[in-house]
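Colleague:
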Amino acid sequence: MDTHPAATSGPAAATSRPLPAPARKSVLHDLEQTRLAIEMIGLGARLQVLEAEVSLPRERLTRLYKELRGASPPKGMLPFSTDWFLAWRPNAHASMLLGAYRFMIRAGHLDGIRATLAAFRMYREHLCVTGEVAQLSFTRAWMLVRFYERGMLQLARCQCCRGEFVVCAHAARQRYICGLCLPPARAGKCRRPGPAGA
Ligand SMILES: [Zn+2]
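The UniProt record's numbering numbers the first residue of the sequence shown as 1 and each following residue consecutively.
(1) Check whether the Cβ atoms of Met143 and Pro74 lie closer than 9 angstroms to each other.
(2) Keeping to the same chain, check which residues put their C-beta closer than 6 angstroms to that of Ile113; ignore five residues upstream and five downstream.
(3) Please classify Arg140: is it buried, with 16 or more other beta-carbons within 10 angstroms of its beta-carbon, or exposed?
(4) Closest Cβ-Cβ distance between Gln159 and chain D: below 9 angstroms?
(5) How about Gly163: is its Cβ closer than 8 angstroms to a heavy atom in ligand 1?
(6) Exposed or buried, Ile177, counting other C-beta atoms within 10 Å across all chains shown (16 or more means buried)?
(7) Quick one: using the 10 Å Cβ neighbour count with 16 as the cut-off for buried, is His93 buried or exposed?
(8) Determine the direct distance from the alpha carbon of Ala119 to that of Leu98, and round the result to whole angstroms.
(9) Who are Arg157's beta bridge partners in DSSP?
(10) Return yes when the C-beta of Leu86 is under 8 angstroms from any heavy atom of ligand 1, and no when it is not.
(11) Among residues of its own chain, excluding the 5 on either side of Trp84, which ones have a beta-carbon nearer than 8 angstroms to its beta-carbon?
(12) Reducing DSSP to helix, strand and coil, say where Ala169 ends up.
(13) Measuring CB to CB, does Phe165 end up less than 9 angstroms from Leu43?
(14) Return helix, strand or coil for His29, following the three-state DSSP convention.
(15) Would you be able to state if there are at least three C-beta pairs under 8 angstroms between the region 145-158 and the region 127-137?
(16) Using 10 angstroms around the beta-carbon of Ala37, count the other beta-carbons present and answer buried if the total reaches 16, otherwise exposed.
(17) Could you tell me the distance, in whole angstroms, from the CA atom of Ala115 to the CA atom of Leu182?
(18) Compute the beta-carbon to beta-carbon distance between Leu117 and Glu59, rounded to the nearest angstrom, for a pair I have assumed lies under 8 angstroms.
(19) How would you call Ala196, buried or exposed, if buried means at least 16 neighbouring beta carbons within 10 angstroms?
(20) Can you find the residues in the same chain that come closer than 6 angstroms, C-beta to C-beta, to Leu64, ignoring five residues on each side of it along the sequence?
Put into structure tokens, the structure is as follows:
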């Protein structure tokens, strides 16, 4: 006994699919994307980051970059290593940024690049207050969010201070103690961290 194929009959079947939306090239969309690019370039985004987030042609982005920064965008690869975020000092900063990013999603109802931008601003404002030197460029912050969203980096809760810190996705995290509660021996030798336990 054969089963009847699903309802694909009818003369309209072949033409009833919605037309693929033509690339939305409205003036407003263009403007909005240009503003986004300007905002990102202002924060120091690399060209590859712009290309990934802004739907404008590469030439436009390059021109915009040159006009705003007065120089050609730097060449070379983006920093692709997750290890960088695990070193002691960058880890404290990365954890702060990722905390801000999650806050922007949860409480600010932002997502994607908007959440990243807002988190990066919050991170920089925090540094202004504490006077600490920035560890994360915008591009690093963007990479960090990417690694996190792809599950390559995660957050773990410190058993000691209860703060959440960036850890490698496959690291064993039972009884995890963060780098601020248990700094490596050499961390204190060069320079004391800014506000203890921040
Ligand atoms: Zn801790």
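Ideal placement from N, C-alpha and C gives every residue a C-beta, glycine not left out.
Modeller: The structure says:
(1) For the purposes of this step, residue 143 is taken as residue 143 along the sequence shown, with counting starting at 1. For the purposes of this step, residue 74 is taken as residue 74 along the sequence shown, with counting starting at 1. For Met143 and Pro74, no; Cβs fall outside 9 angstroms.
(2) Looking up residue 113 in the sequence shown gives position 113. Closer than 6 angstroms at the Cβ level, and outside the excluded window around Ile113, lie Glu53.
(3) For this step, residue 140 is matched to residue 140 along the sequence shown. Under this definition Arg140 is a buried residue.
(4) Although the question refers to chain D, the structure presented lacks it and comprises just one protein chain.
(5) As a position in the sequence shown, residue 163 is number 163, starting the count at 1. Checking every heavy atom of ligand 1 against the Cβ of Gly163, one is found closer than 8 angstroms.
(6) To locate residue 177, count along the sequence shown from 1; it is residue 177. Classification of Ile177: exposed, given that the 10 Å Cβ count is below 16.
(7) Taking the sequence shown and counting its residues from 1, one reaches residue 93 at position 93. Its Cβ being crowded by 16 or more others within 10 Å, His93 is buried.
(8) Position 98 of the sequence shown, counted from the start, is the residue given in the question as residue 98. Position 119 of the sequence shown, counted from the start, is the residue given in the question as residue 119. Each residue's alpha carbon lies about 8 angstroms from the other.
(9) Along the sequence shown, read from residue 1 onward, the residue named residue 157 stands at position 157. According to DSSP, which records beta bridges pairwise, Arg157 is partnered with Glu164.
(10) For this step, residue 86 is matched to residue 86 along the sequence shown. No - ligand 1 has no heavy atom lying nearer than 8 angstroms to the Cβ of Leu86.
(11) In the sequence shown, counting from the first residue as 1, residue 84 sits at position 84. Excluding positions up to five away in sequence, the list reads Pro90 and Arg140.
(12) On the sequence shown, residue 169 is found 169 positions in, with the first residue counted as 1. Ala169: coil per DSSP, three-state reduction.
(13) Working through the sequence shown from its first residue, we reach residue 165 at position 165. Working through the sequence shown from its first residue, we reach residue 43 at position 43. The answer is no: Cβ separation not under 9 angstroms.
(14) Position 29 of the sequence shown holds residue 29. Here His29 sits in helix by DSSP.
(15) no
(16) One-based indexing of the sequence shown puts residue 37 at position 37. Result: buried.
(17) If you number the sequence shown from 1, residue 115 lands on position 115. If you number the sequence shown from 1, residue 182 lands on position 182. Using only the alpha carbons, I get a separation of about 31 angstroms.
(18) By 1-based counting over the sequence shown, the position of residue 117 is 117. By 1-based counting over the sequence shown, the position of residue 59 is 59. So it is not a contact: roughly 24 angstroms between Cβ atoms.
(19) Looking up residue 196 in the sequence shown gives position 196. Per-residue confidence for Ala196 stands at a pLDDT of 36, beneath the threshold of 50, marking its modelled position as unreliable; the derived number appears in the next sentence. Exposed, by the Cβ-count rule.
(20) As a first step, residue 64 is located in the sequence shown; it is residue number 64 there, counting from the start. So the list reads Ala37, once near-sequence residues are dropped.
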